[in-house]
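Asks: The sequence shown begins at 216 in the working numbering and counts up by one. C-beta atoms are modelled at their ideal positions from N, C-alpha and C, and glycine is treated no differently.
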Amino acid sequence: MADDDCIFCKIVAGELPSQKVDENDRVLAFLDINPWTRGHALVIPKQHTKNLWEAPKEALDATIEMAQQVAIHQRDRLGCDGVNLLNSTEPVAWQTEFHYHVHVIPRYEDDPLRLPGKPLDVDQDELAKVAEELRG
Ligand code: AMP
Ligand code: ZN
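1. Give a yes or no on whether the C-beta atoms belonging to Ala-282 and Val-317 are separated by under 8 Å.
2. Cβ of Glu-230 versus every heavy atom of the ligand AMP: is any distance shorter than 7 Å?
3. Taking just the CA atoms, how far does Pro-271 sit from Ala-343?
4. Go through its chain and collect everything with a Cβ distance to Thr-264's Cβ below 8 Å, but skip five positions before and after it.
5. Using a threshold of 8 Å, state whether the C-beta atoms of Val-298 and Pro-321 are closer than that.
6. Any idea what DSSP makes of Ile-248, helix, strand or coil?
7. Does DSSP put His-316 in a helix, in a strand, or in coil?
8. With the ligand ZN as the reference, list in chain order each residue whose Cβ lies under 7 Å from any of its heavy atoms.
9. Quick check: what's the CA-CA separation for Glu-280 versus Gln-289?
10. Tell me where the alpha helix (DSSP H) around Ala-286 begins and ends.
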């Protein structure tokens, strides 16, 4: 079901313009309107789902498969030297559009992108404690 307030649903429906780069019956790839590098694309499932926590497996599988294809085309057709995949889930993690999407960001040797964080200062005990919590 499309979400009436979702601009990515409107792009899927053709109600808003986009620069499509690939599509199949499940997923659509189009250029980010504010690209971080040349060829920065977004891949979305056509069916509305909010984010990584809620996306059904079929949507995740189809999206990552298309993301790989887009990344290969970025290498072979745009000549990028590497690729970053990024998903943001919830505002604290920088999600601004609440329709699940993966950024496929071509990287070039001379591009301006830099990692936004630096590692926490942790010891082996802390790593072991966190791993135990995650194992449940
Ligand atoms: P995020 O912050 O991970 O939720 O990413 C949302 C992305 O959607 C941003 O990089 C925006 O530039 C991009 N975006 C927003 N509106 C549009 C649009 N109409 N067409 C293409 N990309 C868009
Ligand atoms: Zn949507």
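Replies: Let's see:
1. The sequence position of residue 282 within the sequence shown is 67, counting from 1. The sequence position of residue 317 within the sequence shown is 102, counting from 1. Yes, these two residues count as a Cβ contact at 8 Å.
2. As a working note, residue 230 is residue 15 in the sequence shown. No - the ligand AMP has no heavy atom lying nearer than 7 Å to the Cβ of Glu-230.
3. By 1-based counting over the sequence shown, the position of residue 343 is 128. By 1-based counting over the sequence shown, the position of residue 271 is 56. If I take the Cα positions, the gap works out to 31 Å.
4. Position 49 of the sequence shown, counted from the first residue, corresponds to residue 264. If the five residues before and after Thr-264 are omitted, its C-beta is found closer than 8 Å to the C-beta atoms of Ala-270, Pro-271, Ala-274, His-314 and Tyr-315, all from its own chain and listed in chain order.
5. Position 83 of the sequence shown, counted from the start, is the residue given in the question as residue 298. Position 106 of the sequence shown, counted from the start, is the residue given in the question as residue 321. Result yes, Cβ atoms of Val-298 and Pro-321 sit closer than 8 Å.
6. For the purposes of this step, residue 248 is identified with residue 33 of the sequence shown, where counting begins at 1. Note: Ile-248 maps to coil in three-state DSSP.
7. Here the question's residue 316 lines up with position 101 in the sequence shown. Residue state, collapsed to three classes: coil.
8. Ala-217, Asp-218, Cys-221, Phe-223, Cys-224, His-263 and His-314
9. One-based indexing of the sequence shown puts residue 280 at position 65. One-based indexing of the sequence shown puts residue 289 at position 74. The alpha-carbon atoms of Glu-280 and Gln-289 are separated by roughly 14 Å.
10. Along the sequence shown, one-based indexing puts residue 286 at 71. Note, Ala-286: alpha helix (DSSP H), 272-288.
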